[in-house]
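Protein chains in written order, with the numbering used here: chain B, 48 to 376; chain R, 11 to 511. Ideal Cβ placement from N, Cα and C applies to all residues, glycine included. None of these values were measured; they are calculated from a predicted model. All remarks here apply to the structure that follows.
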Amino acid sequence: MKLNLKKMGCVLMAAVLAGAVLTGCSKSAPADKKSAASNYPNKPITLIVPYSAGGSSDVGARLMAKRLETELGQPVVVENVTGAAGWIGWTKMMKAKPDGYTLSLMNMTFITSYLNPENKRDMNLNNVTLLARHVQDTTAWAVRPDSPYKNVKELMEYVKANPGKVSVATSGIYTQHHIALIALEKLGYKMKAVHTSGVSEALTTAMGGHVDIVSMGAGDIRNLAKEGTMRPMAVLDDERSKYLPDTLTMKEAIGTDVSAFAARGFACPANTDPAAVKRLEAALQKVMADPEHVAEMERMGLQVSYQNSADYTAFMKNVETNMKKTMGW
Amino acid sequence: MEALGYLLQGLDTAVSGWNLLYALIGVTFGMLVGVLPGLGPTAGTALLLPLTFGMSPVAAVIMLAGIYYGAMYGGTITSVLINTPGESASLITCLDGYPMARQGRAGTALGVAAIGSFIGGMFALGLLIFVGPLVAQQALKLGPPEYFALVVVGLSLLVGLMGKSLVRGLIGALFGLTLAFIGIDSVTGTMRFTFGQTDLEDGLEFVSLAMGLFGLSEIFMTAEENLHAQATKPPKIQNMLPRRDEWGPALKSILRGSALGSLIGLVPGTNSVIPTILSYSIEKKVAKDPSRFGKGAIEGVAGPETANNAYAGAALIPLFTLGIPSSPSVAILLGAFIMHGLTPGPTLMQKNPEFVWGVIASMFIGNLILLVMNLPLANVWAQITRIPFRILLPNILIIMAVGSYSINNRLFDVGMMLAFGILGYFMKKVQFPLGPVLLTYVLGKILETSLMKSLTIFNGSFMGFFQRPISATLLVIAISIIAVSLYFGAKDKGIEGDSEM
Chain B
48 MKLNLKKMGC
58 VLMAAVLAGA
68 VLTGCSKSAP
78 ADKKSAASNY
88 PNKPITLIVP
98 YSAGGSSDVG
108 ARLMAKRLET
118 ELGQPVVVEN
128 VTGAAGWIGW
138 TKMMKAKPDG
148 YTLSLMNMTF
158 ITSYLNPENK
168 RDMNLNNVTL
178 LARHVQDTTA
188 WAVRPDSPYK
198 NVKELMEYVK
208 ANPGKVSVAT
218 SGIYTQHHIA
228 LIALEKLGYK
238 MKAVHTSGVS
248 EALTTAMGGH
258 VDIVSMGAGD
268 IRNLAKEGTM
278 RPMAVLDDER
288 SKYLPDTLTM
298 KEAIGTDVSA
308 FAARGFACPA
318 NTDPAAVKRL
328 EAALQKVMAD
338 PEHVAEMERM
348 GLQVSYQNSA
358 DYTAFMKNVE
368 TNMKKTMGW
Chain R
11 MEALGYLLQG
21 LDTAVSGWNL
31 LYALIGVTFG
41 MLVGVLPGLG
51 PTAGTALLLP
61 LTFGMSPVAA
71 VIMLAGIYYG
81 AMYGGTITSV
91 LINTPGESAS
101 LITCLDGYPM
111 ARQGRAGTAL
121 GVAAIGSFIG
131 GMFALGLLIF
141 VGPLVAQQAL
151 KLGPPEYFAL
161 VVVGLSLLVG
171 LMGKSLVRGL
181 IGALFGLTLA
191 FIGIDSVTGT
201 MRFTFGQTDL
211 EDGLEFVSLA
221 MGLFGLSEIF
231 MTAEENLHAQ
241 ATKPPKIQNM
251 LPRRDEWGPA
261 LKSILRGSAL
271 GSLIGLVPGT
281 NSVIPTILSY
291 SIEKKVAKDP
301 SRFGKGAIEG
311 VAGPETANNA
321 YAGAALIPLF
331 TLGIPSSPSV
341 AILLGAFIMH
351 GLTPGPTLMQ
361 KNPEFVWGVI
371 ASMFIGNLIL
381 LVMNLPLANV
391 WAQITRIPFR
401 ILLPNILIIM
411 AVGSYSINNR
421 LFDVGMMLAF
431 GILGYFMKKV
441 QFPLGPVLLT
451 YVLGKILETS
461 LMKSLTIFNG
471 SFMGFFQRPI
481 SATLLVIAIS
491 IIAVSLYFGA
501 KDKGIEGDSE
511 M
């Protein structure tokens with residue numbers, strides 16, 4: 048037993064010594080604090096992706112993270128914090144220390160999430176600093192190649208005459224695909240929304256002929272059209288899509304603009320250290336100006352669409368206003 | 011036989027250069043994520059996806075596909091040894107695999123699972139090569155109404171898994187269905203039973219639920235029973251091959267499992283649990299002595315384990331031939347295709363034959379590697395049961411906690427696992443069967459969403475289900491199964507009581 052005590056003594060001594068060394072280190076840290084802003088970043092940065100790994104949002108964020116690392120000279124670690132359609136990840140980001148070391152991927156559904164009274168969220172756009180917009184993807188509709196509808200004009204005339212007959216597969220409730228259908232219904236075009244668990248299920252359901260139309264990103268539809276699997280039907284925008292130049296827009300078909308798109312960017316907590324924000328903004332802009340990054344995103348069907356912090360913030364406020372109007376929230 | 015020529019060319023691609031090494035890395039990593047509860051093939055493929063940026067497309071997909079089917083082999087190990095499914099496809103293996111391990115036959119259970127997995131995988135690959143494009147197109151015709159009918163068949167067969175008491179089994183099944191309600195309603199967007207908790211909005215995390223109810227409760231039971239009983243050495247581990255009289259039945263269940271798993275794998279929108287449930291139920295129905303099930307019947311391991319591998323292989327058919335991912339892990343493979351500049355779809359096989367056939371050939375090799383890795387190693391893994399509990403249990407506990415955290419990177423899931431572990435402990439004490447709870451939980455989610463989607467398509471009319479040939483047939487089968495069970499149940503009551511149930 049005595050021997051053991053002796054051993055324990057040694058361990059204790061070692062622990063005390065180690066502790067002393069550690070405190071010594073941490074004490075020296077505050078000395079650097081003054082220059083903290085100028086030498087940001089000096090430790091790894093966490094990029095929270097509020098979706099599961101492997102999806103197109105995640106891949107887009109990872110492609111950015113890879114280049115941000117070179118730009119900032121620090122590792123950018125992607126952390127997939129999933130749940131509640133992204134809100135769990137966003138909450139984690141908003142509650143993080145506003146020191147510029149925690150960012151998150153931002154999406155328009157952030158706004159849908161807190162506007163929807165059912166969700167009872169207690170945070171909103173005021174709790175984040177929007178850094179830059181990264182991707183915008185216009186929504187489009189596609190049908191099976193043998194579909195009886197030749198073009199969107201014909202289709203929408205049929206819809207108007209037969210309310211609730213034509214079905215559209217969406218990737219989920221309150222997605223941009225669903226909200227566009229609500230907007231169309233208000234204009235007198237009532238269609239059946241079939242909500243699936245995601246893009247691939249929506250597509251499968253349409254390919255199998257169980258629904259008439261699938262609502263997806265224009266980039267994905269471009270690839271399907273190339274393969275001859277699906278036929279593009281309409282672009283939900285006021286101008287034609289770069290990916291589908293020959294496809295009519297909804298505005299061309301019914302005269303009113305019904306737009307739907309996905310737009311993603313990057314955000315950090317509100318009141319983040321201004322120096323860090325500036326550094327991040329500059330780095331993000333530089334990556335998005337790099338043609339190599341644009342090309343690798345393009346291959347994934349993701350269209351890089353840069354906006355700086357101020358423009359992106361205005362853009363999101365505008366999305367908020369429109370969504371309130373359409374949904375009556 | 012044109013396909014065979016392509017396959018030989020593919021074999022050339024698969025063994026040349028670094029591709030063989032990538033297949034080895036892929037399947038080894040897949041085994042590993044399969045073994046660790048919590049980490050599954052989806053997380054595994056996603057983790058290694060960024061590493062493939064610099065690789066050639068064929069090498070990248072060979073490696074990622076290896077993780078995907080490798081995990082199906084690994085998931086069995088924890089189910090058999092510690093009654094904790096490594097992932098959902100191996101859940102049903104717990105029912106008979108774990109009793110086998112307790113009888114000292116862990117090696118046999120793992121061995122037969124490895125053989126079955128290999129045959130199932132090969133069967134699905136054969137299907138992919140010879141009839142893939144043809145059947146995949148047909149499988150698309152199965153939509154939400156057919157999924158609904160398929161799940162109803164699955165539920166009607168659940169009676170076979172109820173354990174000793176039908177009443178307790180039914181209560182368990184209803185409890186599982188109730189748990190499936192938690193979270194957002196996919197059609198109306200209403201929050202159900204979330205009590206204002208953001209963490210509950212997506213419902214309960216299946217893996218945490220399964221690890222808690224099955225695994226953790228088992229740890230509590232074991233801790234209570236024999237943490238101090240050091241003297242009782244675990245039984246000596248026997249041969250990893252089945253006994254001579256078991257070969258016949260085991261091989262038959264492997265063949266049935268192969269066919270069943272491949273068929274269901276073709277249908278996008280199903281999940282890997284459905285073929286395992288169907289396989290287990292069918293094995294129990296055709297067995298000469300169904301009472302052995304739940305007590306270490308080898309068919310109860312061989313059938314489902316084969317079915318989930320055949321399912322995994324067949325699920326790649328829609329990916330290669332139509333560009334449709336049928337599960338989240340396959341969706342990541344699809345992402346890898348696109349990232350490397352390949353457009354998945356009907357023309358992929360014509361445009362990039364060397365890619366497609368290279369990957370297919372590598373899967374033959376990968377399955378072979380896995381068989382070699384698993385069969386002799388079955389006994390090595392089985393040695394885990396000989397580690398004293400006081401050392402083994404805390405370690406399993408740590409792995410499980412890390413595993414359940416890693417799914418969504420949130421502590422909530424770990425807490426939930428603990429809560430369900432305690433619940434599972436008490437349920438075991440009063441002999442509530444836990445299988446029905448988890449199975450109805452998995453099926454309940456598909457049941458509800460497919461029902462709602464179908465009703466939207468049918469404008470709210472239930473008759474629609476009977477106007478489509480496949481869903482009508484399946485529903486009639488389900489109704490007959492229930493009617494027959496009820497009839498025989500009532501008839502046998504006087505003689506046997508509910509012992510058979």
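- In this structure the segment 313-327 of chain B touches the segment 144-157 of chain B; the number of beta carbon pairs closer than 8 Å is three or more.
- Between the beta-carbon of T94 (chain R) and that of L74 (chain R) there is about 26 Å, and that puts the pair past the 8 Å contact cut.
- Counting other Cβ atoms within 10 Å of its Cβ, S301 (chain R) stays below 16 and is therefore classed as exposed.
- Not a single CB atom of chain R sits nearer than 7 Å to the CB of W137 (chain B).
- In its chain, beyond the 5 residues on either side, R202 have a beta carbon closer than 7 Å to the beta carbon of D195 (chain R).
- One finds nothing in chain R with a Cβ atom closer than 7 Å to the Cβ of S151 (chain B); even the nearest lies about 13 Å away.
- By the Cβ-count criterion, G434 (chain R) is buried, with 16 or more other Cβ atoms from all chains shown falling within 10 Å of its own Cβ.
- Counting every other CB atom within 10 Å of its CB across the protein chains shown gives G258 (chain R) a total below 16, marking it as exposed.
- If you ignore the 5 residues before and after L461 (chain R), its C-beta comes within less than 7 Å of the C-beta of F158, all in its own chain and listed in chain order.
- Around the beta carbon of D285 (chain B), fewer than 16 other beta carbons lie within 10 angstroms, which makes this residue exposed.
- The C-beta of W28 (chain R) has fewer than 16 other C-beta atoms within 10 Å across all chains shown, which makes the residue exposed.
- If you ignore the 5 residues before and after P314 (chain R), its C-beta comes within less than 7 Å of the C-beta of I102, T103, G267, T286, S289, Y290, all in its own chain and listed in chain order.
- Shown in chain order are the members of the segment 116-131 of chain B whose Cβ falls below 8 Å from a Cβ of chain R: E126, N127, V128, T129, G130, A131.
- If you check each beta-carbon in the segment 126-155 of chain R against every beta-carbon of chain B, the ones closer than 9 Å belong to A149, L150, K151, L152, G153, P154, P155.
- The three-state secondary structure of A99 (chain R), taken from DSSP, is helix.
- Counting every other CB atom within 10 Å of its CB across the protein chains shown gives E234 (chain R) a total below 16, marking it as exposed.
- Beta-bridge partners of K239 (chain B) (DSSP): B:S214.
- In this structure, the CA atom of P292 (chain B) is about 26 Å from the CA atom of G102 (chain B).
- Not flagged as an interface residue toward chain R: E367 (chain B), since no C-beta distance is shorter than 7 Å.
- Taking a cut-off of 8 Å for Cβ pairs, the segment 120-138 of chain R and the segment 316-325 of chain R touch, as three or more such pairs fall below it.
- Comparing C-alpha distances from F230 (chain R) to each of R:A371, R:L402, R:I348 shows the shortest one belongs to R:L402.
- Counting along the chain, the unbroken beta strand (DSSP E) around F313 (chain B) starts and ends at 308-316.
- V440 (chain R) carries a coil assignment under DSSP once its states are collapsed to helix, strand and coil.
- In this structure, the CA atom of L91 (chain R) is about 16 Å from the CA atom of N249 (chain R).
- Using a Cβ-Cβ cut-off of 7 Å, M437 (chain R) is close to nothing in chain B; its nearest Cβ partner there is about 27 Å away.
- D169 (chain B) counts as exposed, since fewer than 16 other C-beta atoms from the protein chains shown sit within 10 angstroms of its C-beta.
- Contact between S214 (chain B) and I467 (chain R) holds, since their C-beta atoms are separated by about 6 Å, short of 8 Å.
- Counting the other Cβ atoms within 10 Å of the Cβ of Q350 (chain B) gives 16 or more, which makes it buried.
- Not a single C-beta of chain R is nearer than 7 Å to the C-beta of K144 (chain B).
- Contact check for P47 (chain R) against A81 (chain R) fails: the beta carbons are separated by 7 Å or more.
- Every unbroken stretch of the alpha helix (DSSP H) spanning 4 or more residues and falling wholly within the segment 98-154 of chain R is given here in chain order: 103-112, 116-140, 142-149.
- Taking 7 Å as the threshold, the shortest C-beta distance from E211 (chain R) to chain B falls below it.
- The continuous beta strand (DSSP E) containing R180 (chain B) extends over residues 175-190.
- Under the Cβ criterion of 7 Å, V190 (chain B) is not counted among the residues facing chain R.
- For N419 (chain R), there is no enclosing beta strand (DSSP E), as DSSP marks it with neither H nor E.
- Cβ-Cβ separation between A189 (chain B) and M277 (chain B): approximately 4 Å, consistent with a contact (criterion under 8 Å).
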